[in-house]
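**Q** So for the sequence shown, full-length UniProt numbering puts the first residue at 1; every next one is plus one. Note that beta-carbon positions come from the ideal geometry of N, C-alpha and C, so glycine has one too. Input: one structure, supplied below.
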Amino acid sequence: MSEKKYFKQTKPFRVPTTDGKLIEEHFGNASTQTGAFSVAHMVAPPHWGEPHQTPEFDEITIVTRGKKLIEIDGEEVEVKAGESILIKAGARIRYANPYDHETEYWSICIPAFDIDSVHREDS
């Protein structure tokens with residue numbers, strides 16, 4: 001019998017956070033030991049933000065609810081529900097939800113998100 005050509009994710013890895021943000025990795029280093037890419041579902045609470053970072057991976061963000069403010073090399077870009085953005089590796093970025101409502105989005109990183117290659121700055 002041959003190996004299945006698919007993997008159905010029924011229990012994404014819930015990344016422990018201390019800032020109220022929900023992160024569920026469906027595919028990637030933490031959930032499936034997949035290094036080529038990662039896919040994560042996220043919900044950022046109102047008035048959430050994280051420090052600047054300069055990742056070594058490309059990141060696609062697809063906003064499904066609310067809106068997200070992203071600082072990219074000093075330029076502020078707002079991404080609303082139904083919109084998406086591709087940020088190339090090496091850009092200095094900062095993700096935030098400075099608004100009064102939650103922001104729900106999906107993130108795809110190529111190669112997969114890795115804490116050692118995100119290069120977060122001290123807050």
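Can you tell me whether residue 116 is helix, strand or coil according to DSSP?
**A** Position 116 of the sequence shown, counted from the first residue, corresponds to residue 116. Helix, per DSSP.
**Q** Might you give, ordered along the chain, the residues of its own chain that have their beta carbon closer than 7 Å to the beta carbon of residue 89, omitting 5 neighbours on each side?
**A** As a first step, residue 89 is located in the sequence shown; it is residue number 89 there, counting from the start. Correct list, in chain order: 55, 56, 57 and 58.
**Q** Suppose you measure from the CA of residue 19 to the CA of residue 66; what does that come to, to the nearest Å?
**A** Counted from its first residue, the sequence shown places residue 19 at position 19. Counted from its first residue, the sequence shown places residue 66 at position 66. The straight-line gap from Cα to Cα measures roughly 18 Å.
**Q** Pairing CB atoms from the stretch 39-53 with CB atoms from the stretch 14-31, are three or more of them under 8 Å?
**A** In short, these stretches touch, since the Cβ pair count reaches three.
**Q** Let me check understanding here. Comparing Cα to Cα, which of 2, 4, 32 and 16 lies closest to residue 10?
**A** Counting from one through the sequence shown, the residue named residue 10 turns up at place 10. Residue 32 is the option with its Cα nearest to residue 10.
**Q** Would you identify the three-state DSSP class for residue 107, choosing helix, strand or coil?
**A** Numbered from 1 along the sequence shown, position 107 holds the residue referred to as residue 107. The answer is strand: DSSP assigns residue 107 an E or B state.
**Q** When you compare only the Cα positions, how much space is there between residue 105 and residue 61?
**A** Counted from its first residue, the sequence shown places residue 105 at position 105. Counted from its first residue, the sequence shown places residue 61 at position 61. Whole-angstrom Cα-Cα distance: 7 Å.
**Q** Bridge partners for residue 49 per DSSP, in chain order?
**A** Looking up residue 49 in the sequence shown gives position 49. Note: residue 49 sits in a beta bridge opposite 96.
**Q** Which runs of the beta strand (DSSP E) at least 3 residues long sit entirely within the stretch 11-41? Give them in chain order.
**A** Qualifying beta strand (DSSP E) stretches, in chain order: 22-27.
**Q** Hey, quick one: how far does the beta strand (DSSP E) through residue 54 stretch, first residue to last?
**A** For the purposes of this step, residue 54 is taken as residue 54 along the sequence shown, with counting starting at 1. No beta strand (DSSP E) holds residue 54; DSSP gives it neither H nor E.
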